[in-house]
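Peer 1:
2 protein chains.
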Amino acid sequence: MKTNRPQMLEKSHKHITCENCLSRKDSLFCSMTGGDLEKVDSNKSCSYFKKGQPLFIEGGLPRGVFCINEGKVKIYSRGEEGKEQIIHVATSGEIVGFRAMFSGEPYSVAANTLEESNICFISKDDFLDLVDTNATLRNGILRELSKELADRASFIKNMAQKSVRERLASALLILDDIYGEDFINLSREDLANFVGTATETLIRLLKDFKDDGFVTTHVRKIEVLDKEGLIRLAGV
Amino acid sequence: MKTNRPQMLEKSHKHITCENCLSRKDSLFCSMTGGDLEKVDSNKSCSYFKKGQPLFIEGGLPRGVFCINEGKVKIYSRGEEGKEQIIHVATSGEIVGFRAMFSGEPYSVAANTLEESNICFISKDDFLDLVDTNATLRNGILRELSKELADRASFIKNMAQKSVRERLASALLILDDIYGEDFINLSREDLANFVGTATETLIRLLKDFKDDGFVTTHVRKIEVLDKEGLIRLAGV
DNA sequence: GCAAAAAAATGACCTAAATCATACTTCCTA
DNA sequence: TAGGAAGTATGATTTAGGTCATTTTTTTGC
Chain A
1 MKTNRPQMLE KSHKHITCEN CLSRKDSLFC SMTGGDLEKV DSNKSCSYFK
51 KGQPLFIEGG LPRGVFCINE GKVKIYSRGE EGKEQIIHVA TSGEIVGFRA
101 MFSGEPYSVA ANTLEESNIC FISKDDFLDL VDTNATLRNG ILRELSKELA
151 DRASFIKNMA QKSVRERLAS ALLILDDIYG EDFINLSRED LANFVGTATE
201 TLIRLLKDFK DDGFVTTHVR KIEVLDKEGL IRLAGV
Chain B
1001 MKTNRPQMLE KSHKHITCEN CLSRKDSLFC SMTGGDLEKV DSNKSCSYFK
1051 KGQPLFIEGG LPRGVFCINE GKVKIYSRGE EGKEQIIHVA TSGEIVGFRA
1101 MFSGEPYSVA ANTLEESNIC FISKDDFLDL VDTNATLRNG ILRELSKELA
1151 DRASFIKNMA QKSVRERLAS ALLILDDIYG EDFINLSRED LANFVGTATE
1201 TLIRLLKDFK DDGFVTTHVR KIEVLDKEGL IRLAGV
């Protein structure tokens, strides 16, 4: 059963040891062993982020990467009239912002927390050093980049060829995966910006989905009731 | 002045030496020196491809990478009703299909020549070996992957937030860059599948652009007359 | 615990762009 | 080099979904 727990994270800046980080098992860092792990551990800094805080902004200069210990982060880019397009929602264990490390260019996207989060920061030098010396990590990163590239190709195809209804179904399935044990917890506006539609349209469609028994809502939180149904709707 | 030359490529399978490959300067391989270059050279195979031939198909198993010596290749993915979404048009010097080398998964996209092309093939083992031992190449690839990721994020945003008109303007600018000295040479259908619209809509909008003096057409070929105008239209 | 602000919801309306139908051109190839 | 197929063009019609305006609910800060 899904939970609706009001998460209360430790608000201090106390150090989270990689050794004990529960999120590490899902992470690119999962393979790391003694020496490298210690190096990261001693050089990283951990912070508590309130909901809505930026990790970095579009056009900013990257100084390092962020490793999510606990929480959710939206990766997005702003269009002309300021409308956000959310590209990805990152969760515990994910490393955020490492693409700009390699491209040598400013951030092409921005990142903000979607809820209160504990996030560690590893400096550019330390990270690149690690990538250079640790072949397993490097291969993990190459694999990750490739997968993400494939994801985005399919994202583009969906935007081009699917109706908003189908895209919403597919977005809910993706988010249900990301939120795992918890309810999907995004504002209607953020959800609309992920699906790529107007907020009003999203609200209407979500109501349809509710009426049809695919989902239910607890104020702003969304619970997926019928995955199979959504899969059929999404037409994957 | 743009050319309209009827390209006639060497139709044999004769070997193209990397050493003399004119496209190499634009390539990820540009940094490669004696030893590595010779290794690639002696292990690769070169082929002439007719217009419309597949390099690989969606879901197929990758055996190596393709290096375009001369020609154009569309990278695309098919939607449910078989409609193609073109993700990228690759040209001389580009290496195609290296993402799947790292992900260990089947191709998530397909690749077909858009015109007759000379393309070299490098086997998976040779390529991965090279990446493992040549740090410069490796960094080039990481940079390339990152840039492409950024490109696709902006592609997604455009699909979500821009009108077909704006997307067409932006697509024409991108293609004008890719085709360089030559006219843009894509079927209306391919162009529609790149912009992400119906073929009829594309034809109508292209006519508008012609009436407004932004482009002119030579049968199927498209010549950009007013870049500045298109930039304004695209709203970049 | 209340006021103000932000978010969510609903209604009315409008248009960009899809779809369907058909005609015209250009390109192959037999 | 004729004839058929593929590609291009245009017209008529429909509709998904965007926009704007307003109300209701929830959240937030004092």
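Residue numbers (our numbering), protein chains in the order written: chain A, 1 to 236; chain B, 1001 to 1236.
Where is the CB? At the ideal position from N, CA and C, for every residue including glycine.
No experiment lies behind these values; they were computed from the predicted model shown.
What's the C-alpha gap between G1196(B) and Q1085(B)?
Peer 2: 7 angstroms
Peer 1: I'd like to know whether the C-beta of A234(A) is nearer than 8 angstroms to at least one C-beta of chain B.
Peer 2: no
Peer 1: Do the segment 111-120 of chain A and the segment 72-85 of chain A meet, that is, are 3 or more Cβ pairs less than 8 angstroms apart?
Peer 2: Yes: the two stretches touch, three or more of their Cβ pairs being nearer than 8 angstroms.
Peer 1: Where are the beta strand (DSSP E) runs, 3 residues long or more, that stay fully inside the segment 23-84 of chain A, in chain order?
Peer 2: 45-49, 54-56, 64-70 and 72-78
Peer 1: Starting from the C-beta of M1(A), find all residues in its chain whose C-beta is less than 8 angstroms away, skip the five residues before and the five after it, and write them out in chain order.
Peer 2: In this prediction, M1(A) has a pLDDT of 48, which is less than 50 and means its spatial position is unreliable; what the coordinates show is noted afterwards. When the five nearest sequence neighbours on each side are left out, no beta carbon in the same chain lies closer than 8 angstroms to the beta carbon of M1(A).
Peer 1: Could you check the C-alpha separation between R1143(B) and M1032(B) for me, to the nearest Å?
Peer 2: 16 angstroms
Peer 1: Does any C-beta atom of chain B lie closer than 8 angstroms to the C-beta of I156(A)?
Peer 2: yes
Peer 1: Mapping DSSP to helix, strand and coil, what is C120(A)?
Peer 2: Shown here, C120(A) sits in a strand according to DSSP, grouped into three states.
Peer 1: Given a cut-off of 8 angstroms, decide if M159(A) and K124(A) are closer than it, judged by their beta-carbon atoms.
Peer 2: no
Peer 1: Please check the pair R188(A) and L202(A), which I expect to be a contact at CB under 8 angstroms, by giving their CB distance rounded to whole angstroms.
Peer 2: 6 angstroms
Peer 1: F1056(B) to S1047(B), Cα distance in whole Å?
Peer 2: Computed Cα separation, rounded: 14 angstroms.
Peer 1: Less than 8 angstroms separating the beta-carbons of R1099(B) and A150(A)?
Peer 2: yes
Peer 1: Scan the segment 163-217 of chain A and note each continuous alpha helix (DSSP H) run of 4 residues or more that stays entirely inside, going in chain order.
Peer 2: Counting whole runs of 4 or more residues, the segment 163-217 of chain A contains the alpha helix (DSSP H) stretches 164-179, 188-195 and 199-211.
Peer 1: Have a look at I61(A) and R1152(B) and give me their C-alpha separation to the nearest angstrom.
Peer 2: According to the sequence as given, residue 61(A) is Leu; it is not Ile. Distance between the alpha carbons of L61(A) and R1152(B): 20 angstroms.
Peer 1: Note down, in chain order, each residue of its chain lying with its Cβ closer than 7 angstroms to the Cβ of G1052(B), except the 5 sequence neighbours on either side.
Peer 2: N1112 and T1113
Peer 1: Between the C-alpha atoms of L22(A) and G1104(B), what's the straight-line distance to the nearest angstrom?
Peer 2: 27 angstroms
Peer 1: Quick one, which residues of the segment 194-224 of chain A are near chain B if we go by CB-CB under 7 angstroms, in chain order?
Peer 2: G196
Peer 1: Ends of the alpha helix (DSSP H) at N112(A)?
Peer 2: Counted as a single uninterrupted DSSP element, the stretch harbouring N112(A) is not any alpha helix (DSSP H) but the beta strand (DSSP E) occupying residues A110 to T113.
Peer 1: Per the DSSP calculation, I95(A) is bridged to which residue(s)?
Peer 2: Partner(s): C67(A).
Peer 1: Among the residues of its own chain, which have a CB less than 6 angstroms from the CB of C67(A), if the five just before and after it don't count?
Peer 2: I95 and C120
Peer 1: Do you know whose CA, among D1129(B), F1209(B) and R1078(B), lies nearest R1167(B)'s CA?
Peer 2: F1209(B)
Peer 1: Which term fits E1263(B), buried or exposed, when burial requires 16 or more other beta carbons within 10 angstroms of its beta carbon?
Peer 2: No answer is possible for residue 1263(B): it lies beyond the span of chain B, which begins at 1001 and ends at 1236.
Peer 1: Could you tell me which residues DSSP pairs with I86(A) in its beta bridges?
Peer 2: DSSP output for I86(A) lists Y76(A) as bridge partner(s).
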